[in-house]
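Residue numbers (full-length UniProt numbering): 1 to 325.
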């Protein structure tokens, strides 16, 4: 697919006319949904530079906050955590200056920040961020469900099984009736497949590989969805490999080998790398699976030669979450 062309992609020089922030946001969302963060990240960086060259008064606060948040999300999925975090903080500062009726974007920013903290193995920070939001009154049901999922993932990383399962139960209860009129427009992507995927990952962190695999299978089997959901397919391979389920891992990783070059999520590709590493370190691994993992590892090295699992400029991020008001 040809990359959309707009004036903001030409470079970082001051444009002859102010950039259209809404149009850039729409372009980034379309790129991310169809092609994923690997293809969208360079456009996001150029877009942010174009806005910086023009000055932040180029758009209303709500539009600019959404733009920075979308760019931050894309860089997060591209494992570029330092710039992602900084853009999220800019989005958060803008959102908190908006009138109360326009501030729902703040909740999206905090959701991504909580997920980023968990992804970087900082569950206490993630838990503080999510729990502070859940302490608010009158959250829309889908938003409350989303933050219960964030809370569950943090509890699971901390080994708190009962708390994690209780949070997941709350998320499912609040999602049972589907979308409501009170849910913000940005929450469209939080559906049954999203909930199943994160539920599965929480169970994996709790050591329940069988339960995790069943839920990840359900998430992957859902039709449609944005490109980043390749992450759930990659995570299923990682869960199977780490559990030593060699036959299932071989079948799944073999199936993913053909689609890996098209995966737009760097997080997904790094999860596949972790799967191949688990196979390489495993005992009594069938010869065929070792060959599959070796071929996949070589493919991943070609796809992301400069990336390594766990990289992404994580060491400069603060350990404390932003204040959640």
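All C-beta atoms, glycine included, are put in the ideal place defined by N, C-alpha and C.
With C-beta atoms as the reference, is residue i less than 9 Å away from residue j?
| i | j | result |
| --- | --- | --- |
| residue 142 | residue 174 | yes |
| residue 243 | residue 296 | no |
| residue 240 | residue 249 | yes |
| residue 153 | residue 185 | no |
| residue 216 | residue 246 | no |
| residue 170 | residue 202 | no |
| residue 251 | residue 218 | no |
| residue 253 | residue 214 | no |
Hey, how far is the Cα of residue i from the Cα of residue j?
| i | j | result |
| --- | --- | --- |
| residue 149 | residue 132 | 14 Å |
| residue 146 | residue 189 | 10 Å |
| residue 179 | residue 124 | 30 Å |
| residue 229 | residue 263 | 9 Å |
| residue 163 | residue 97 | 34 Å |
| residue 64 | residue 102 | 12 Å |
| residue 76 | residue 83 | 8 Å |
| residue 18 | residue 256 | 43 Å |
| residue 39 | residue 27 | 12 Å |
| residue 304 | residue 270 | 9 Å |
| residue 279 | residue 49 | 42 Å |
| residue 282 | residue 121 | 23 Å |
| residue 106 | residue 95 | 5 Å |
| residue 187 | residue 108 | 8 Å |
| residue 67 | residue 93 | 13 Å |
| residue 369 | residue 212 | Here the chain comprises residues numbered 1 to 325, so residue 369 is not present and cannot be evaluated. |
| residue 85 | residue 205 | 24 Å |
| residue 198 | residue 158 | 15 Å |
| residue 277 | residue 130 | 32 Å |
| residue 113 | residue 70 | 12 Å |
Please identify the residue among the options whose C-alpha is closest to the C-alpha of residue i.
| i | options | result |
| --- | --- | --- |
| residue 62 | 100, 151 and 248 | 100 |
| residue 222 | 120, 152, 208 and 196 | 196 |
| residue 274 | 84, 182 and 235 | 235 |
| residue 81 | 300, 266 and 294 | 266 |
| residue 46 | 98, 21, 198 and 65 | 21 |
| residue 161 | 224, 77, 227 and 207 | 207 |
| residue 300 | 68, 268 and 284 | 268 |
Would you mind sorting residue i into buried or exposed? The rule is 16 or more other CB atoms within 10 Å of its CB.
| i | result |
| --- | --- |
| residue 200 | buried |
| residue 79 | buried |
| residue 13 | The predicted position of residue 13 is uncertain, since its pLDDT is 43 and thus under 50; a value taken from the coordinates is nonetheless stated next. It is exposed - the Cβ of residue 13 has fewer than 16 other Cβ atoms within 10 Å. |
| residue 36 | buried |
| residue 182 | exposed |
| residue 238 | buried |
| residue 287 | exposed |
| residue 373 | Limits of the chain in this structure are 1 at one end and 325 at the other, which puts residue 373 out of reach. |
| residue 57 | exposed |
| residue 30 | exposed |
| residue 90 | buried |
| residue 324 | Its pLDDT being 47, under 50, residue 324 is placed unreliably by the model, and nothing is read from it. |
| residue 298 | exposed |
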